[in-house]
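Here is the structure we will look at.
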Amino acid sequence: MRSLRHTLTILLTAMALALLGTSAAQAAPHSDAMTVDAYVTDAPTQSPGTIFKRLKAGETPEAVGLTQRHRAIKSDAVRRIGPASLRGDVPNASAGEAGASGVRLSPTVTDVPKRTMTLAECKAHTASDASMWIASRFAMCESKWFAANWHQNGKVVGFSQMTVSAIATVSANSRDIKFDYYFSDFYAAGINAIDATLVGTSVNHPTVPDGVTLGQGGLNPTPTTVAQLKANPHFMISTNAAPGQGLAPDDGIWAVWNMKFVPEWPPGWVETNPLAEWKFSSFGLRWDNSPYLPNYKPTDVLHTGGAALSYDVSPLRYSTASTAPERAVASHIKTAFTQPQNTLPTNPSKHVAGQSARDPLHRLQKSINQTNLNRYNANRREAVKVCTAVDPNYASKGLECDEYPFASTYEGSAQSIYEPSKPKKNFSALAINGTENTAGGTQLATYYANNRIIDGPNDEFYVVIIP
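So the sequence shown is residues -27 to -1, 1 to 440, counted in mature numbering (1 follows the signal peptide of the UniProt record, and there is no 0).
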């Protein structure tokens, strides 16, 4: 792999397919006023033929939906997580499968998170209400619509478009993050010079910590004609951060993969709304080498650890169904969410964390150091105090003291002891069936491993209770 620390420039023939049979001379007639307006936007709400017809009739680009603007950030927007400098809301993104509040939820905790994605899946989830779909922490995609209006002497004489889709995936037990780029939905009509248009691409990737070397794999495309692009409308690039470059305690590395397109119009054509670069995919990436997560190989320094996409998706889901092995845990958490006044310890202002991505939980891994172990034990101790005060003999009845937030989170029962600014008694403890409590704990451990949840403030998760 070669370094990606410098900007990668790749020339692609792109923008859209010109009319079949249109010659270069016909596409770019001699004129002192040949101009082109280019746009990168979310999926259109009408056909390209309708857009072209309306533009020729004199309607403005804004009137037909051609702007550089994207749909507004949703109130429940997916967030890119990690160190503060790389965090941020993700405009117009959806996560997982259809669920509450318009947010698509990930698979249940007992399922293995999605790690592959087809172009059809990507386009199906980005065709209307979202331009980015995050299926899991290991599979996501973005689709953008590239369009151009072609003008001669101030009048619209042509229109072209194409869809560019980028799919990012991470295989299990791998440090490679793969980006598949696809070109589709080619359209061209009227007089245009799209066949001769070149689009360069540049990739940059700010990292935390600074100066991390990212390796590159895959095949870089060479300049090609639109006809060739139609025949081979796909290229793949991968990146990898070697262990040993990250932050303690998990050798954590974060990056944002920014792909931008830079057009080069044919001679004689001038862009009237010039953009220095067209921002396209911007994916949050993370690598770790955590001893408490899968694929830790201390004797294989090149392949130890794993990678993930750094987003606050894939909630832990517990079920209250009568057949659910964790039913008692789910019922307890549901009460803590919806009726905190009916939980112990008493706190009229109680609002437990982890009910949404906006108020997440953070994993506390007790094996990292003595401080973490002490805090974990304190979480358990504070919860057991509450259960014992209600019934000192609960353990002899086959019950176990369940606490929420979990003892394995920084928001656990002892949070106010370690963080005095946090509210006191902001947790719930309840003696529940021991077998069901164990099942809930097993599911939590599986969830942590499946989703590579790491310790501390740079990773987070939340809980969803389902019927």
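Ideal Cβ positions, reconstructed from N, Cα and C, are used throughout, including at glycine.
**Prompt:** Under three-state DSSP, which class holds V130?
**Reply:** Of the three classes helix, strand and coil, the one that applies to V130 here is strand, per DSSP.
**Message:** Less than 8 Å between the beta carbons of L334 and E433, yes or no?
**Reply:** The answer is yes: Cβ separation under 8 Å.
**Request:** Tell me P236's beta-bridge partners as DSSP assigns them.
**Result:** P236 has V172 as its beta-bridge partners, per DSSP.
**Message:** Contact between the stretch 10 to 24 and the stretch 111 to 125 is defined here as three or more beta-carbon pairs at a separation below 8 Å; is this criterion met?
**Reply:** Short answer: they touch.
**Message:** Any heavy atom of the ligand ATP closer than 7 Å to the beta-carbon of I164?
**Reply:** Among the components of this structure there are no ligands whatsoever, and the ligand ATP is therefore not found.
**Item:** 8 Å contact criterion, which S255 and W230 should meet: CB distance rounded
**Value:** Between S255 and W230 the beta-carbon gap is near 7 Å, inside 8 Å, which marks them as a contact.
**Prompt:** What three-state label does DSSP hand K398 in the structure shown?
**Reply:** It is coil, neither helix nor strand.
**Prompt:** In terms of DSSP beta bridges, what is R290 paired with?
**Reply:** V437.
**Asked** Quick one: Cα of T23 to Cα of S133, how far?
**Response** The straight-line gap from Cα to Cα measures roughly 12 Å.
**Prompt:** Could you give the C-beta distance for H305 and L403, rounded to a whole number, given that I count them as a contact under 8 Å?
**Reply:** Right, their Cβ atoms sit about 5 Å apart.
**Message:** Taking the straight line between their C-alpha atoms, what separation do you get for A422 and G241?
**Reply:** About 57 Å.
**Asked** With burial defined as no fewer than 16 other Cβ atoms inside 10 Å of the residue's Cβ, what is the status of G75: buried or exposed?
**Response** Below a pLDDT of 50, predicted positions are generally treated as unreliable, and G75, at 28, falls in that range; the measurement from the model is reported next regardless. Looking at its Cβ environment, which holds fewer than 16 other Cβ atoms inside 10 Å, G75 is exposed.
**Item:** Three-state class that DSSP yields for H207 in the structure shown
**Value:** DSSP places H207 in strand when its eight states are reduced to three.
**Request:** Could you name the residues of the same chain whose beta carbon sits closer than 6 Å to that of G225, not counting the 5 residues immediately before and after it, in chain order?
**Result:** Around G225: G219, D261.
**Request:** Determine which residues share a DSSP beta bridge with K117 and list them.
**Result:** For K117, which the question treats as bridged, DSSP gives the partners V137.
**Prompt:** What do you reckon, are the CB atoms on G191 and N213 nearer than 8 Å?
**Reply:** When the beta-carbon positions are compared, G191 and N213 stay at least 8 Å from each other.
**Message:** In this structure, how does DSSP classify G188 when only helix, strand and coil are distinguished?
**Reply:** The three-state reading of DSSP puts G188 in strand, counting E and B together.
**Prompt:** Rounded to a whole number of angstroms, what is the C-alpha to C-alpha distance between D416 and V129?
**Reply:** The sequence given here places Gln at residue 416; Asp does not occur at that position. Rounded to whole angstroms, Q416 to V129 spans 60 Å at the Cα level.
**Message:** Can you tell me which residues form a DSSP beta bridge with W230?
**Reply:** The partner list for W230 (beta bridge, DSSP) reads F256.
**Asked** Taking contact to mean at least 3 C-beta pairs separated by less than 8 Å, is the stretch 292 to 312 in contact with the stretch 152 to 165?
**Response** No, because fewer than three Cβ pairs between the stretch 292 to 312 and the stretch 152 to 165 fall closer than 8 Å, the two stretches do not touch.
**Prompt:** Starting from G163 and walking both ways along the beta strand (DSSP E), at which residues does that stretch end?
**Reply:** Following the DSSP letters along the chain, one finds G163 inside the beta strand (DSSP E) bounded by residues 149 to 163.
**Asked** Which of the three DSSP states, helix, strand or coil, is assigned to T411?
**Response** T411 falls in the helix class under three-state DSSP.
**Message:** Suppose you measure from the CA of T91 to the CA of K339; what does that come to, to the nearest Å?
**Reply:** Going from the Cα of T91 to the Cα of K339 covers about 39 Å.
**Where H178 falls: helix, strand or coil (DSSP)** = In this structure, H178 counts as coil in the three-state DSSP scheme.
**Message:** Let me check understanding here. Comparing Cα to Cα, which of F152, L202, R60 lies closest to T170?
**Reply:** Distances from the CA of T170 to each of F152, L202, R60 were compared; the closest alpha carbon is that of L202.
**Residue from I140, P239, T180, K233 with nearest C-alpha to M209** = Considering only I140, P239, T180, K233, the residue with the shortest C-alpha distance to M209 is I140.
**Contacts around G61, its chain only, beta-carbon distance under 6 Å, and the 5 residues preceding and following it disregarded** = Shown here for G61: same chain residues with a beta carbon closer than 6 Å to its own, the five before and five after excluded, namely R53 in chain order.
**Prompt:** Y383 lies in the alpha helix (DSSP H); which residues open and close that run?
**Reply:** DSSP places Y383 outside any alpha helix (DSSP H), giving it a letter other than H or E.
**T83 to A200 span [Cα, whole Å]** = The predicted position of T83 is uncertain, since its pLDDT is 46 and thus under 50; no value can be drawn from it.
**Request:** Find the nearest neighbour of A330 within the set Y284, Y420, T319, judged by alpha-carbon distance.
**Result:** With respect to the C-alpha of A330, the residue from Y284, Y420, T319 having the closest C-alpha is Y284.
**Message:** Let me check understanding here. Comparing Cα to Cα, which of K96, S104, M113 lies closest to T89?
**Reply:** It is M113.
**Prompt:** Under 8 Å, do R259 and A294 count as touching if we go by C-beta distance?
**Reply:** No, the pair does not count as a contact, with Cβ atoms beyond the cut-off.
**Prompt:** Which two residues bound the contiguous beta strand (DSSP E) that contains V13?
**Reply:** Start and end: 7 to 14.
**Asked** On the three-pair Cβ rule with 8 Å, is the stretch 364 to 378 touching the stretch 262 to 272?
**Response** In short, these stretches do not touch, since the Cβ pair count stays below three.
**Request:** From the DSSP output, read off the bridge partner residues of L220.
**Result:** Per DSSP, G225.
**Prompt:** Are the Cβ atoms of D10 and D223 separated by less than 8 Å?
**Reply:** In this structure, D223 does not lie closer than 8 Å to D10 by Cβ.
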